[in-house]
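**Student:** Numbering (full-length UniProt numbering), first residue to last: 1 to 209.
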């Protein structure tokens, strides 16, 4: 995949991935928290198998060692994880790398690691977790777009289908989505809405490649 899919759901476990990926998701992140290593390994393995069966790229959040061992294609790291990660081992295993950023210093650290994408968030207020950063706003997306050049930019935090126009206008290539799916009363229907809402952008990306 030479470009990021514009629809980038972030899901908490393999059950969610097995449930939703068959609907047509092409890029998904497994963000499994508070699991024992053996349980996490099983989660990664199940997620990888589900994604392989449906032509979806799996991104493993944080756990880069297990991602390497389980043959994942992509890993996403926060800034604390980046500071402790062995980037040589990650690159040596052929993994692509995504990195979270929240301010200018973090962006500089991320760019020094030569990632495959940079994520900025939270663009809008999020109920997922307590954040020490104020909402970034679409205006900050435009600033990041200018500063990172052609590097893919992922927007995350409070993003809904209805807010997609502002995400694209801000220069983001992909919208990472969490609560708008997993807390929706009809997650499958919402995923279909997302796929339809990003169809034109996906088609344009494939054509330009």
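Glycine included, C-beta positions come from ideal geometry on N, C-alpha and C.
Would you tell me roughly how many angstroms separate the C-alpha atoms of residue 149 and residue 111, rounded to the nearest one?
**Tutor:** Residue mapping note: residue 149 aligns to position 149 of the chain shown, counting from 1. Residue mapping note: residue 111 aligns to position 111 of the chain shown, counting from 1. Near 11 angstroms, if we compare the C-alpha coordinates of residue 111 and residue 149.
**Student:** May I ask you to report which of helix, strand or coil DSSP gives residue 107?
**Tutor:** Taking the first residue of the chain shown as 1, we reach residue 107 at position 107. Helix at residue 107.
**Student:** Return the first residue and the last residue of the beta strand (DSSP E) that residue 28 is part of.
**Tutor:** Numbered from its first residue, the chain shown carries residue 28 at position 28. Element bounds for residue 28: 27-30.
**Student:** Which of the three DSSP states, helix, strand or coil, is assigned to residue 160?
**Tutor:** As a first step, residue 160 must be located in the chain shown, where it is residue number 160. In the structure shown, residue 160 sits in coil (DSSP, three-state: anything other than H, G, I, E or B).
**Student:** Cβ of residue 175 within 8 angstroms of Cβ of residue 159?
**Tutor:** Against the chain shown, residue 175 aligns to sequence position 175. Against the chain shown, residue 159 aligns to sequence position 159. Yes, the pair counts as a contact, with Cβ atoms nearer than the cut-off.
**Student:** Give the straight-line distance between the Cα atoms of residue 76 and residue 101, rounded to the nearest whole angstrom.
**Tutor:** Position 76 of the chain shown, counting from 1, holds the residue named residue 76. Position 101 of the chain shown, counting from 1, holds the residue named residue 101. Rounded to whole angstroms, residue 76 to residue 101 spans 11 angstroms at the Cα level.
**Student:** From residue 164 to residue 182, what does the alpha carbon distance come to, in whole angstroms?
**Tutor:** Within the chain shown, residue 164 is the residue found at index 164, counting from 1. Within the chain shown, residue 182 is the residue found at index 182, counting from 1. Roughly 18 angstroms separates the two Cα atoms.
**Student:** Name the two residues that bound the continuous alpha helix (DSSP H) containing residue 9.
**Tutor:** The residue labelled residue 9 in the question sits at position 9 within the chain shown. Here residue 9 belongs to no alpha helix (DSSP H); instead the beta strand (DSSP E) covers 7-11.
**Student:** Starting from the C-beta of residue 133, find all residues in its chain whose C-beta is less than 6 angstroms away, skip the five residues before and the five after it, and write them out in chain order.
**Tutor:** Walking along the chain shown from the start, residue 133 turns up at place 133. Excluding positions up to five away in sequence, the list reads 102.
**Student:** Closest by CA to residue 73, which one among 65, 153 and 151?
**Tutor:** Within the chain shown, the letter at position 73 stands for residue 73. Of the listed residues, the one whose Cα sits closest to residue 73 is 65.
**Student:** Could you have a look at residue 123 and say whether DSSP puts it in helix, strand or coil?
**Tutor:** By 1-based counting over the chain shown, the position of residue 123 is 123. Residue state, collapsed to three classes: coil.
**Student:** Apply the 10 Å Cβ neighbour rule to residue 125 and answer buried if 16 or more other Cβ atoms are within range, or exposed otherwise.
**Tutor:** Your numbering for residue 125 matches position 125 in the chain shown. Result: exposed.
**Student:** Out of curiosity, what's the CA-to-CA distance linking residue 106 and residue 37?
**Tutor:** Taking the first residue of the chain shown as 1, we reach residue 106 at position 106. Taking the first residue of the chain shown as 1, we reach residue 37 at position 37. Each residue's alpha carbon lies about 28 angstroms from the other.
**Student:** For the 8 angstroms Cβ check, are there 3 or more pairs between the region 18-27 and the region 49-56?
**Tutor:** With the cut-off at 8 angstroms, the region 18-27 and the region 49-56 touch.
**Student:** Hey, out of 12, 20 and 5, whose CA is closest to residue 187's CA?
**Tutor:** If you number the chain shown from 1, residue 187 lands on position 187. For the residues 12, 20 and 5, the minimum Cα distance to residue 187 belongs to 20.
**Student:** What is the rounded straight-line gap between the Cα of residue 49 and the Cα of residue 156?
**Tutor:** Taking the first residue of the chain shown as position 1, residue 49 is located at position 49. Taking the first residue of the chain shown as position 1, residue 156 is located at position 156. Rounded to whole angstroms, residue 49 to residue 156 spans 26 angstroms at the Cα level.
**Student:** Assuming residue 82 contacts residue 113 under a Cβ cut-off of 8 angstroms, what Cβ separation, rounded to an integer in Å, is found between them?
**Tutor:** By one-based count along the chain shown, residue 82 stands at place 82. By one-based count along the chain shown, residue 113 stands at place 113. Right, the Cβ-Cβ distance comes to about 6 angstroms (below 8 angstroms), so this counts as a contact.
**Student:** Thinking C-beta only, is residue 142 closer than 8 angstroms to residue 170?
**Tutor:** To locate residue 170, count along the chain shown from 1; it is residue 170. To locate residue 142, count along the chain shown from 1; it is residue 142. Cβ distance < 8 angstroms, so residue 170 and residue 142 count as in contact.
**Student:** Please tell me whether residue 99 and residue 122 are closer than 8 angstroms, where the distance is taken between their beta carbons.
**Tutor:** Locating residue 99 in the chain shown gives position 99, counting from the first residue. Locating residue 122 in the chain shown gives position 122, counting from the first residue. No; because the gap between Cβ atoms is not below 8 angstroms, this pair is not in contact.
**Student:** So, are the CB atoms of residue 185 and residue 161 less than 8 angstroms apart?
**Tutor:** The count along the chain shown starts at 1 and reaches residue 185 at position 185. The count along the chain shown starts at 1 and reaches residue 161 at position 161. No, the pair does not count as a contact, with Cβ atoms beyond the cut-off.
**Student:** Return the bridge partner residues of residue 76 from the DSSP annotation.
**Tutor:** On the chain shown, residue 76 is found 76 positions in, with the first residue counted as 1. Residue 76 is bridged to 61 and 98.
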